[in-house]
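Residue numbers (the working numbering): 32 to 377.
In structure tokens form, the structure reads like this:
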């Protein structure tokens, strides 16, 4: 992580963090889609099996939604010794049921650490679970390491200008959302034979029922998984400009996105917003069209491997830290990139 490192004190409860006692149970909430674990879930497992505790670790997992049983089998290969799965039919999601399920499993396994991805779902469930367990909670953690007998966690502040480092203390559970970097971590092959168990959890009449709706334009495009992201800012001028953003993303085999200013102006739907108050992405290629590059926007895409910025203002903040900056009319450059991408695609 870059940024100035500052001490943030401690996170946890009174008493020493268990570094030398029995193995610590780490519970992973593994997000999946139609039976396949998401990339962010694989990063959670990689971090879990390498958690810096000399007393050892024992990784368990929970996966939910349509295709959860298939995803549970994949989770055992990723490093989980026990996996609970909870199927949900069709497009109906029961957030409170998911919370009850996570609470039940966390208590059953005696989880010392519970890991969520820093996604919309993770940010919704994690603090609620922490409250139910009486656990400490941290969001957007991006690094964990040991220092002597201590475990240190780091997370960015103020759009990544500072890095807060927290020392774990206490014996109560820790619940956190992992912002991650999207980088692949070396993991030893997991031993075969992980236990898979169905969660027998009855529906509660008071459970909130949510019907998941997706627009036709966004179908099949997952920002969290995208290797290429094309983002439109306020400079694209309107919804017509965002259509070019979508066309370029499609030609590059990627996903469209928007800055907060573009979403606030009504150019793009809120679900495509990148930034501190939106989604965090870590693609191999990030193309920014008409994006000024505020600190809150950078917080959502700072882990992109390569950033190409197109802006008519050579002094726009994004031009200072983009890998490649193109000064010019975003539409002219965007249409040229689109034509080149289509030619290359055959």
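No residue lacks a Cβ here, since even glycine has one placed at the ideal position from N, Cα and C.
Looking at residue 102 and residue 67, is the spacing between their C-beta atoms short of 9 angstroms?
The residue labelled residue 67 in the question sits at position 36 within the chain shown. The residue labelled residue 102 in the question sits at position 71 within the chain shown. Yes, the pair counts as a contact, with Cβ atoms nearer than the cut-off.
Collapsed DSSP secondary structure at residue 327 in the structure displayed
Against the chain shown, residue 327 aligns to sequence position 296. Helix, per DSSP.
How should residue 310 be labelled, buried or exposed, when 16 other C-beta atoms within 10 angstroms of its C-beta is the threshold for buried?
The count along the chain shown starts at 1 and reaches residue 310 at position 279. Per the 10 Å Cβ criterion, buried.
Alpha helix (DSSP H) containing residue 65: first to last residue?
Here residue 65 corresponds to residue number 34 of the chain shown, with the count starting at 1. Run containing residue 65: none; DSSP gives neither H nor E here.
When the Cα atoms are used, what is the spatial distance from residue 325 to residue 210?
Sequence index remark: in the chain shown, residue 325 carries index 294 (1-based). Sequence index remark: in the chain shown, residue 210 carries index 179 (1-based). Computed Cα separation, rounded: 19 angstroms.
Counting pairs of beta carbons, one from the segment 129-140 and one from the segment 256-266, are three or more of them closer than 8 angstroms?
no
Spatial neighbours of residue 315 in its chain, beta-carbon cut-off 6 angstroms, leaving aside the 5 residues before and after:
Counting from 1 along the chain shown, the entry for residue 315 is found at position 284. If we look at residue 315 and ignore the five residues flanking it on each side, its Cβ neighbours are 258 and 336.
If you draw a straight line from the C-alpha of residue 178 to the C-alpha of residue 184, how long is it?
Counting from 1 along the chain shown, the entry for residue 178 is found at position 147. Counting from 1 along the chain shown, the entry for residue 184 is found at position 153. For residue 178 and residue 184, the distance between alpha carbons rounds to 11 angstroms.
In the DSSP assignment, what residue or residues form a beta bridge with residue 226?
Residue mapping note: residue 226 aligns to position 195 of the chain shown, counting from 1. Answer is 113.
Cα-Cα separation between residue 339 and residue 306, rounded to whole angstroms
The sequence position of residue 339 within the chain shown is 308, counting from 1. The sequence position of residue 306 within the chain shown is 275, counting from 1. Using only the alpha carbons, I get a separation of about 17 angstroms.
Give the single residue among 283, 162, 107 and 54 whose Cα lies nearest to the Cα of residue 372.
The count along the chain shown starts at 1 and reaches residue 372 at position 341. Looking at the Cα atoms, 283 is the closest of the given residues.
Helix, strand or coil: which one does DSSP assign to residue 199?
By one-based count along the chain shown, residue 199 stands at place 168. The answer is strand: DSSP assigns residue 199 an E or B state.
Residues near residue 163 by beta carbon distance below 8 angstroms, same chain, minus five either side
Taking the first residue of the chain shown as position 1, residue 163 is located at position 132. The answer, listed in chain order, is 130 and 134.
Alpha carbon to alpha carbon, how far is residue 295 from residue 106?
Here residue 295 corresponds to residue number 264 of the chain shown, with the count starting at 1. Here residue 106 corresponds to residue number 75 of the chain shown, with the count starting at 1. Cα to Cα, the separation comes out at about 38 angstroms.
Taking the C-alpha atoms as reference points, what is the distance between residue 89 and residue 299?
Numbered from 1 along the chain shown, position 58 holds the residue referred to as residue 89. Numbered from 1 along the chain shown, position 268 holds the residue referred to as residue 299. Their backbone Cα atoms lie some 43 angstroms apart in a straight line.
Apply the 10 Å Cβ neighbour rule to residue 357 and answer buried if 16 or more other Cβ atoms are within range, or exposed otherwise.
Residue 357 sits at position 326 when you count from the first residue of the chain shown. It is buried - the Cβ of residue 357 has at least 16 other Cβ atoms within 10 Å.
Just the Cα atoms here: how many angstroms apart are residue 253 and residue 301?
Position 222 of the chain shown, counted from the first residue, corresponds to residue 253. Position 270 of the chain shown, counted from the first residue, corresponds to residue 301. Approximately 14 angstroms between the Cα atoms of the pair.
Rounded straight-line distance, which links the Cα of residue 328 to that of residue 350
On the chain shown, position 319 is the one that residue 350 refers to. On the chain shown, position 297 is the one that residue 328 refers to. Distance between the alpha carbons of residue 350 and residue 328 is about 13 angstroms.
Per the DSSP calculation, residue 107 is bridged to which residue(s)?
The residue you call residue 107 lines up with position 76 of the chain shown. None, per the DSSP bridge assignment.
Is it buried or exposed for residue 361, if we count other Cβ within 10 angstroms and need 16 for buried?
Position 330 of the chain shown, counting from 1, holds the residue named residue 361. That one is buried.
Run the CB neighbour count on residue 270, radius 10 Å, all protein chains shown included, and call it buried at 16 or more, exposed below.
Here the question's residue 270 lines up with position 239 in the chain shown. Flag for residue 270 reads exposed.
Where residue 118 and residue 98 are concerned, what is the direct C-alpha to C-alpha distance, given to the nearest angstrom?
What you label residue 118 is simply residue 87 of the chain shown in a count that begins at 1. What you label residue 98 is simply residue 67 of the chain shown in a count that begins at 1. C-alpha separation (whole angstroms): 7 angstroms.
My understanding is that residue 205 touches residue 199, with C-beta atoms under 8 angstroms, so please give their C-beta distance in whole angstroms.
Position 174 of the chain shown, counted from the start, is the residue given in the question as residue 205. Position 168 of the chain shown, counted from the start, is the residue given in the question as residue 199. That belief holds up - the Cβ atoms of residue 205 and residue 199 are roughly 7 angstroms apart, short of 8 angstroms.
DSSP three-state label for residue 295, please.
Your numbering for residue 295 matches position 264 in the chain shown. Three-state DSSP puts residue 295 in a helix.
Sort out for me which residues DSSP pairs residue 334 with in a bridge.
Counted from its first residue, the chain shown places residue 334 at position 303. Paired residue(s): none; residue 334 is not in a bridge.
Please name the residue, chosen from 228, 267 and 319, that lies closest to residue 297 on a Cα-to-Cα basis.
By one-based count along the chain shown, residue 297 stands at place 266. If we check each option's Cα against that of residue 297, 267 comes out closest.
Assign residue 180 to one of three DSSP states: helix, strand, or coil.
Within the chain shown, numbered from 1, the residue matching residue 180 stands at position 149. Here residue 180 sits in coil by DSSP.
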